[in-house]
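Structure first, then comments.
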Amino acid sequence: APTRHEWTEEIASEEEGGTVDFRAMFTDGEKLMLLVVDSLYEEEINQFVGARLYEARIGEDGRISAEEMLEMDWDDMIESTDSGDEYSRDVRLAFSQDNVFYFLTYGDNGSKIVSYDLEDGSMLAESELENVEQISPYREKRILAVLRGYDEEKEVTIFTFAAYDADAEEEEELFKLEMDSGSLGNVVYDAEEDAIYYTTGGEIWKIVGNDPASAVAVNALPLESWSDNLAFLTEEKYFVAMDYQTVVQRSTDPNQRAQTRLVVQDNYMNAVKSAYFDFSNQHGEVEVLMTQNVEDILQAMLNRSDEVDIYSLYVGSSQYDAVFNRGYMADLSQSQALTDLAKSFYPFVQDALFKDGQLVAIPTDMSAYCRFYNTQAMEKLGLTSEDMPKTWPEYFAFLRDRLPALLEEHPDVVAFEMYSTQQTQKNELLYNMVSEYLLYISQPENTFAFDTPEFRAMLEGLESVDFAALGLAEDAEEWSWEDANEKLVLFPGYMSDLSPFWQNENTQPLLLGIGEGIKPMVQVQMGVLFVNPYSPDQDLAIQFLETVAKNLDDTFLVKIDPTKNDPIPNPSFDQSLEYFDTNIANLTEQLEQADEDDKAQYQEQLEQAKEDKAEFLKNGAWMATEESIADYREKTDWMVISRYAGMEGESSMEFYELLQKYSDGAISAEEFIQGVDQKLKMMVLEGT
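Each residue of the sequence shown is one higher than the last, beginning at 598 in the numbering used here.
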């Protein structure tokens, strides 16, 4: 088991009130070094103070202390904004070699390799090497670099491995790898075997002697291929890689791989990642390979492919529609645990999980995004929630007939975001409206057409709105966040997830029906896992799904299971409260020691910190309360799982081309309606 060391020594800023950010930890093989960047936020401006390198020392008691080694010449790593704020560029894949500190940072045209002298802290070079994605220690005073390219003719991604001399800015190509998709990372060079390790597709690969033909997968790795942290080999040839919260050590001996393997497409879902570790601990005889690189699922089913055991898809995708309707999903009903769990979900969730009475999938995530209105702005205008429109035609009538006069009477309220123009706001509403209408007509009981009285009324309503009368300019105008903060926006431009978790108390969902007497619909996106019916290890795959189900957290289950009504505490409440208390204590001390000229500034900061803490105490203790969950339960009647309506690929492109032409004024509303309906008729005839 790894040894946990406690950090006992605070690295303080060189300026009173300053803050220190840890940017990198690396070693030269003997010393463990820390890079910190020091900054000071004063008079609403973030100022760079300095960058320093420390040696971290682990004492006999296991505690870590630090001693400053070197002041870094960091000026060339600092960028300034128009407002005068100064920020350090990022530091990724940091390491030292031959007393030189190397790392990747962002540049104007992608990542750059930066090198620093560890003798005097000066910058040695900032490379112009194009498309560099990975760096790692190599040999002969050169570093190993991986460059990403794309061959349009072959339609493949090309990763070029090169030995790079940062001083001479010269590269020597070692070999190339072609891949259909995916990423490559965690590159490590082993001088003893002249071997290069890297990860892709959920596996650790090894190439000896720069010969791609020698490539062999030596083990599975449940982490993404990209990381800001450098992977490495231990003396015992164990491969160690990490992401932001997990460190994994794996053997590089392919003979130690388990004979049974489950391949799981995880789609970056946390519950699947957590299940991986639990399942692996329980089933040491099974290797679980987490991957995103899977072949076309429908084609795989037609070929009866058993390459992937568990697939991950969104219910609204054409692929899910195909496998669901054609029965290319293993029956999960043999698992009583999964069946009982699924039957506790909302009916609208169950509809996407059960096929002909059989459970075929389990959900892993869900979101229900919709528009909101600001209740403070509403009340400023003298309105109540009953005055808010309930349908799209009512909404456009409200914008046209009632709102302009109210805005003139209340200049501290605006209809939309200040950065919107007349055309951009009209386009945004058009696309939102069409998206909701597509959801409506895709329901089995409704006519799959745009040439309907409901859609014509919506479109005519949109055309009738005078956006200039709502205070929007024809072209983009200069505005500032300060001006924007002084205004209340009645209809914010963002979409937010309609969830049981704490929301801004000054907002309420703006739920609009297609027409009079038609219930509003909130489009729900839901991700699921299902088992390949051709998997030779279906029983194990179902056991893995049972482990996933046990790792579904309360914040997700409360969304889909109406029986889950207990409040959910904020797991980071104590830590966050400690931050607020520390900040207030520091500001109080600074106020007491400040010169008279500066006291007003510190007093203002202290009052703001106290207000922030009070707001946090009011709303931060719980992720979901009994009240917020009950409020959410009332809104689930409007939720509809997004299902495939034929709008994907070429069909989608043609549809949105028509929509864009209408938006640009190139075609009339009638031409748009007839053009779309003609396309929809063709889709129905073709069965897409």
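From the three backbone atoms N, C-alpha and C, an ideal C-beta is built for every residue, glycine too.
Looking at C-alpha atoms only, which residue of the options is the closest neighbour of residue i?
i: Thr1144; options: Leu1067, Met1015 and Phe876; result: Phe876
i: Gln1172; options: Ala621, Ala1218 and Phe1064; result: Ala1218
i: Glu775; options: Phe756, Glu1268 and Gly799; result: Phe756
i: Leu1107; options: Asp1094, Val1011 and Ala897; result: Asp1094
i: Pro819; options: Thr857, Gln973, Ala788 and Asn864; result: Asn864
i: Gly1114; options: Arg858, Pro1041, Thr988 and Val1062; result: Thr988
i: Glu1060; options: Asn1024, Leu899, Asn1216 and Leu1087; result: Asn1024
i: Phe995; options: Ile1038, Thr961 and Phe1064; result: Phe1064
i: Ser811; options: Thr936, Trp823, Phe829 and Glu790; result: Glu790
i: Arg689; options: Gly1090, Met975, Ser662 and Gln731; result: Gln731
i: Ala621; options: Ser719, Tyr794, Tyr841 and Tyr1253; result: Tyr841
i: Leu629; options: Leu637, Ile655 and Gly614; result: Ile655
i: Pro1001; options: Leu1087, Ile959 and Glu1083; result: Leu1087
i: Asn1162; options: Arg1230, Gln1190, Asn922 and Val1121; result: Arg1230
i: Glu1057; options: Pro990, Lys1278 and Val784; result: Pro990
i: Asp673; options: Val845, Ala648 and Ser680; result: Ala648
Could you please give the first and the last residue of the uninterrupted alpha helix (DSSP H) stretch that includes residue i?
i: Asn922; result: Ser915 to Arg923
i: Lys1196; result: Glu1193 to Asn1216
i: Thr1021; result: Gln1019 to Ile1038
i: Phe876; result: Asn867 to Gln879
i: Leu721; result: No alpha helix (DSSP H) holds Leu721; the beta strand (DSSP E) holding it covers Met720 to Glu723.
i: Val946; result: Pro944 to Gln947
i: Glu1180; result: At residue 1180 the sequence reads Asn, which differs from the Glu that was named. Per DSSP, Asn1180 belongs to the alpha helix (DSSP H) from Phe1170 to Gln1190.
i: Ile1157; result: Asp1151 to Ile1157
i: Leu1000; result: Leu1000 to Glu1006
Over what stretch of residues does the beta strand (DSSP E) that includes residue i continue unbroken?
i: Ser708; result: Gly707 to Asp714
i: Val885; result: Val883 to Thr888
i: Ile661; result: Arg660 to Met669
i: Glu891; result: What sits at residue 891 in the sequence shown is Val, not Glu. Premise fails: Val891 is in no beta strand (DSSP E) and is neither H nor E.
i: Arg858; result: Thr857 to Gln862
i: Lys773; result: Glu767 to Met776
i: Val813; result: Val813 to Ala817
i: Ile1220; result: Note on identity: in this sequence residue 1220 is Met, with Ile being the wrong assignment. Met1220 -> beta strand (DSSP E) spans Trp1219 to Ala1221.
Quick one: what's residue i bridged to in DSSP?
i: Met630; result: Phe623 and Glu652
i: Ala792; result: Asp787 and Val805
i: Tyr992; result: Paired residues: none, contrary to the question.
i: Tyr616; result: A small correction: the amino acid at residue 616 is Thr; Tyr does not occupy that position in the sequence shown. Note: Thr616 sits in a beta bridge opposite Ser636.
i: Asp962; result: Gly1124
i: Gly782; result: Thr796
i: Met1236; result: Val1119
i: Lys952; result: Gln955
i: Phe645; result: Ser636
i: Tyr761; result: Ile740 and Glu768
i: Asn1162; result: Beta-bridge pairing links Asn1162 to no other residue.
Do residue j and residue i count as a contact pair if the criterion is CB distance below 8 Å?
i: Phe969; j: Thr754; result: no
i: Leu1203; j: Leu1174; result: no
i: Glu652; j: Glu664; result: yes
i: Val920; j: Ile894; result: yes
i: Asn728; j: Gly746; result: yes
i: Val1010; j: Leu1069; result: no
i: Val1134; j: Leu859; result: Sequence inspection shows Asp at residue 1134; the Val mentioned does not correspond to that position. Contact flag set, yes.
i: Val1237; j: Met1118; result: yes
i: Ala817; j: Phe1141; result: no
i: Thr1018; j: Ala1073; result: yes
i: Phe698; j: Tyr713; result: yes
i: Ala792; j: Tyr761; result: no
i: Thr1160; j: Ser941; result: yes
i: Phe645; j: Ser685; result: yes
i: Met866; j: Thr961; result: yes
i: Tyr917; j: Asn1129; result: no
i: Ile1181; j: Ala1211; result: no
i: Ser932; j: Ile1139; result: yes
i: Pro851; j: Val883; result: no
i: Ala1227; j: Pro1164; result: no
i: Asp787; j: Leu726; result: no
i: Gly779; j: Thr796; result: no
i: Ile959; j: Ala927; result: no
For residue i and chain C, any beta-carbon pair shorter than 8 Å?
i: Ile661; result: No chain C appears in the structure shown, which is made up of a single protein chain.
**OP:** Scan the region 1052-1137 and note each continuous alpha helix (DSSP H) run of 4 residues or more that stays entirely inside, going in chain order.
**Re:** Those alpha helix (DSSP H) runs which fall completely within the region 1052-1137 and span 4+ residues are 1078-1082.
Original post:
Can you list, in chain order, the stretches of the beta strand (DSSP E) that have 3 or more residues and sit fully within the region 727-757?
Top reply: Listed in chain order, the complete beta strand (DSSP E) runs (minimum 3 residues) inside the region 727-757 are 729-734 and 740-748.
Subject >> Whole beta strand (DSSP E) elements within the region 679-707, 3-residue minimum >> reply: Runs of the beta strand (DSSP E) spanning 3 or more residues and lying entirely within the region 679-707 occur at 683-685, 689-694 and 697-704, in chain order.
Subject >> Completely contained alpha helix (DSSP H) runs for the region 828-853, where each covers 4 or more residues >> reply: Correct list: empty.
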